[in-house]
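Reviewing the structure listed below.
Number of protein chains: 2
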Amino acid sequence: MRTGEKPEIARLPLFREMDEAKRERVFAGSFLQVFPPQLTLFEAGQHPDFLHVLVDGLVELSASSGDRDTTMRIVEPVTSFILAAVVNDLPYLMTARTLEASRILLVPAALVRELINQDTALMQATMHELALAYRGLVRALVDMKTRQSAERLGNYLLRQQARRQEGGLIQLQAEKRLLASLLGMTPENLSRAFSVLSNHGVRVEGSNITIADHEALSAFAHPDKIPV
Amino acid sequence: MRTGEKPEIARLPLFREMDEAKRERVFAGSFLQVFPPQLTLFEAGQHPDFLHVLVDGLVELSASSGDRDTTMRIVEPVTSFILAAVVNDLPYLMTARTLEASRILLVPAALVRELINQDTALMQATMHELALAYRGLVRALVDMKTRQSAERLGNYLLRQQARRQEGGLIQLQAEKRLLASLLGMTPENLSRAFSVLSNHGVRVEGSNITIADHEALSAFAHPDKIPV
DNA sequence: CCCTCGGATTGATGATTATCAATTCGAGGC
DNA sequence: GCCTCGAATTGATAATCATCAATCCGAGGG
Chain A
275 MRTGEKPEIA RLPLFREMDE AKRERVFAGS FLQVFPPQLT LFEAGQHPDF
325 LHVLVDGLVE LSASSGDRDT TMRIVEPVTS FILAAVVNDL PYLMTARTLE
375 ASRILLVPAA LVRELINQDT ALMQATMHEL ALAYRGLVRA LVDMKTRQSA
425 ERLGNYLLRQ QARRQEGGLI QLQAEKRLLA SLLGMTPENL SRAFSVLSNH
475 GVRVEGSNIT IADHEALSAF AHPDKIPV
Chain B
275 MRTGEKPEIA RLPLFREMDE AKRERVFAGS FLQVFPPQLT LFEAGQHPDF
325 LHVLVDGLVE LSASSGDRDT TMRIVEPVTS FILAAVVNDL PYLMTARTLE
375 ASRILLVPAA LVRELINQDT ALMQATMHEL ALAYRGLVRA LVDMKTRQSA
425 ERLGNYLLRQ QARRQEGGLI QLQAEKRLLA SLLGMTPENL SRAFSVLSNH
475 GVRVEGSNIT IADHEALSAF AHPDKIPV
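One line per chain: the protein sequences are A and B, in this order. Here the first sequence stands for residues 275 to 502, numbered as in the numbering used here. Here the second sequence stands for residues 275 to 502, numbered as in the numbering used here.
Rendered as structure tokens:
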């Protein structure tokens, strides 16, 4: 593991509250592995063997029903994923695949569950993490049910801008076809949605997006009012 | 509280693992209140004062963005709701209103958080509950993103039938307009979806639905394959 | 530097869903 | 038993979104 990586992982909400000794047990029992791009890490329906922590790279979580499939989340470092499946020891509901070459910390699921049950602080952190994730999904579902495609894109851009405290510039991390799937639309309609937003304060140059007029975009996209 | 109610609440996943003394503290610190139909219990954005347990009646959880709003869940007794907001002490993301006259146990949020932090079994139960709720929402979001309206209705009927172990008869608990909103469509399209399903093994008589041909409906609706 | 290839864009068309309007249906009140 | 009112249904039309097809564009390889 490179210098500075352990601290970064230790700073994750999940591991932050553990005492140092337990954290060492996590690291000792885990594997840090490098994966090439476009590799499937696990598939929906499989039994969860590891909690995954993306240390470096980019990962897509997707799900399918019948023959259609959809991107559920784009995981950026440093973040853990599929905590719910590990906690409940129930099959993954999503398929994970690397988008770029990625380094991932694999923490054995049984170890995670064991430590959670030994360490109240960790259990509490897990509980809070799950509750926050739940709220995120509530918002995502409301988004999908109440907004049409260009509005969803507008809100996505507003959220991205808020997350990275910078000015108005947003760099898309992944291909637009992927963003389209994440937002529940086709690549063609994503293009059209971008051109709609160009009338509402958004400037697009390839994968560099600028929110030129925050007011106008907000008026169009009706972003969530409830904070956090 | 009527006879037999406490045991029923005590049987909830959340309270099942608590020791008797703590459970008594919950009941002692809570209020069982009766609400008339169509009453708003709380609104999205408010600070969560109580964990709610629906003892009797029917409650709708809805959310909105801009001027559109949508039904997120129809709560049947005996179930607790809005656990995530209480755990995280963050504003409600949904609005709750009674559909019928309802009796609801109101457990002060601060008390819930206090007991969770004192009682590891309760914390663990909460964690599992949240993880399961998370999985439920993942499925709901996939459903919304990958299936069209008649398929969503078909899957809803299949799930309802599975939940109540009976034969093929399903009784809709709420108005169809509400079901439409839950499934992310208009009442008009719900009607049309029902008539589509009549060609795929479903018989409709008012709010009595019969799945006459489970095979045919499954073939049409492509239900989830992953169990639990 | 040019070529190639896959993603992105644009246009045309079709499917799905929403909206508007008009009945029909059914439960509750008189 | 009839009336009334809101929900449910049905039909017609419009908006949104997907699909198909044809370029356009840009990064990587020769």
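Positions of the beta carbon are idealized from the N, C-alpha and C atoms, including for glycine.
Counting only beta-carbon atoms, is residue i nearer than 8 angstroms to chain A?
| i | result |
| --- | --- |
| isoleucine 348 of chain B | no |
| glycine 319 of chain B | yes |
| asparagine 482 of chain B | no |
| isoleucine 292 of chain B | Note on identity: in this sequence residue 292 of chain B is methionine, with isoleucine being the wrong assignment. Judged by the 8 angstroms Cβ criterion, methionine 292 of chain B is not in contact with chain A. |
| arginine 426 of chain B | no |
| valine 327 of chain B | no |
| alanine 490 of chain B | no |
| glycine 475 of chain B | no |
| leucine 411 of chain B | yes |
| histidine 464 of chain B | One detail in the question is off: residue 464 of chain B reads as leucine in this sequence, not histidine. Taking Cβ atoms only, chain A never reaches closer than 8 angstroms to leucine 464 of chain B, which makes this a no. |
| valine 416 of chain B | yes |
| arginine 342 of chain B | yes |
| threonine 372 of chain B | no |
| threonine 394 of chain B | yes |
Within its chain, find whatever has a CB closer than 8 angstroms to the CB of residue i; leave out the 5 residues flanking it on each side and keep chain order.
| i | result |
| --- | --- |
| glutamate 350 of chain A | Leu328, Leu332, Gln447 |
| leucine 313 of chain B | Arg371, Thr372 |
| leucine 389 of chain B | Met292, Lys296, Arg299, Val300, Leu396 |
From the DSSP output, in three-state form, read off residue i for me.
| i | result |
| --- | --- |
| proline 461 of chain A | helix |
| aspartate 417 of chain A | helix |
| histidine 326 of chain B | strand |
| asparagine 429 of chain B | helix |
| leucine 446 of chain A | coil |
| glutamate 479 of chain B | strand |
| leucine 452 of chain A | helix |
| isoleucine 500 of chain A | coil |
| glutamine 435 of chain A | helix |
| leucine 335 of chain A | strand |
Any Cβ of chain B within less than 8 angstroms of the Cβ of residue i?
| i | result |
| --- | --- |
| threonine 400 of chain A | yes |
| serine 423 of chain A | no |
| valine 470 of chain A | no |
| asparagine 362 of chain A | yes |
| leucine 500 of chain A | Before going further, note that residue 500 of chain A is isoleucine rather than leucine in the sequence given. So yes, isoleucine 500 of chain A belongs to the interface. |
| leucine 389 of chain A | no |
| tyrosine 430 of chain A | no |
| lysine 419 of chain A | yes |
| leucine 288 of chain A | no |
For residue i, which residues of its own chain have a beta-carbon under 7 angstroms away from its beta-carbon, when the five flanking residues on both sides are left out?
| i | result |
| --- | --- |
| valine 470 of chain A | Ala424 |
| arginine 347 of chain A | Leu335 |
| serine 354 of chain B | Leu286, Leu288, Leu325, His326, Val327 |
| glutamate 403 of chain A | Pro287, Leu288, Leu357 |
| asparagine 482 of chain A | Leu443, Gln445 |
Under 6 angstroms Cβ to Cβ from residue i, same chain only, skipping five residues before and after it: list those, please.
| i | result |
| --- | --- |
| glutamate 282 of chain B | Val352 |
| proline 497 of chain A | Asn429, Leu432 |
| threonine 369 of chain A | Glu317, Ala318, Ser336 |
| phenylalanine 305 of chain B | Leu380 |
| aspartate 343 of chain B | Ser336 |
Subject >> Inter-stretch contact at 8 angstroms, needing at least 3 Cβ pairs: the stretch 332 to 350 of chain B / the stretch 420 to 433 of chain A >> reply: Yes: at least three Cβ pairs fall under 8 angstroms.
Original post:
Can you give, in chain order, each stretch of the alpha helix (DSSP H) that sits fully within the stretch 338 to 408 of chain B and has at least 4 residues?
Top reply: The qualifying runs are 357 to 362, 383 to 392.
**OP:** Flag this pair as touching only if the stretch 378 to 391 of chain A and the stretch 455 to 463 of chain A have three or more C-beta atom pairs under 8 angstroms; answer yes or no.
**Re:** Counting Cβ pairs under 8 angstroms, fewer than three are found: no touch.
Original post:
Hey, is the stretch 357 to 366 of chain B in contact with the stretch 316 to 330 of chain B, meaning 3+ C-beta pairs nearer than 8 angstroms?
Top reply: Three or more beta-carbon pairs drawn from the stretch 357 to 366 of chain B and the stretch 316 to 330 of chain B are found closer than 8 angstroms, and the two stretches are therefore classed as touching.
**OP:** Check whether the stretch 476 to 496 of chain A touches the stretch 431 to 443 of chain A, counting contact only when three or more Cβ pairs, one atom from each stretch, lie closer than 8 angstroms.
**Re:** Taking 8 angstroms as the limit for Cβ pairs, the verdict is that the stretch 431 to 443 of chain A does touch the stretch 476 to 496 of chain A.
Subject >> Unbroken stretches of the beta strand (DSSP E), 3 residues or longer, contained in the stretch 280 to 328 of chain B >> reply: List check, beta strand (DSSP E) in window: 305 to 309, 314 to 316.
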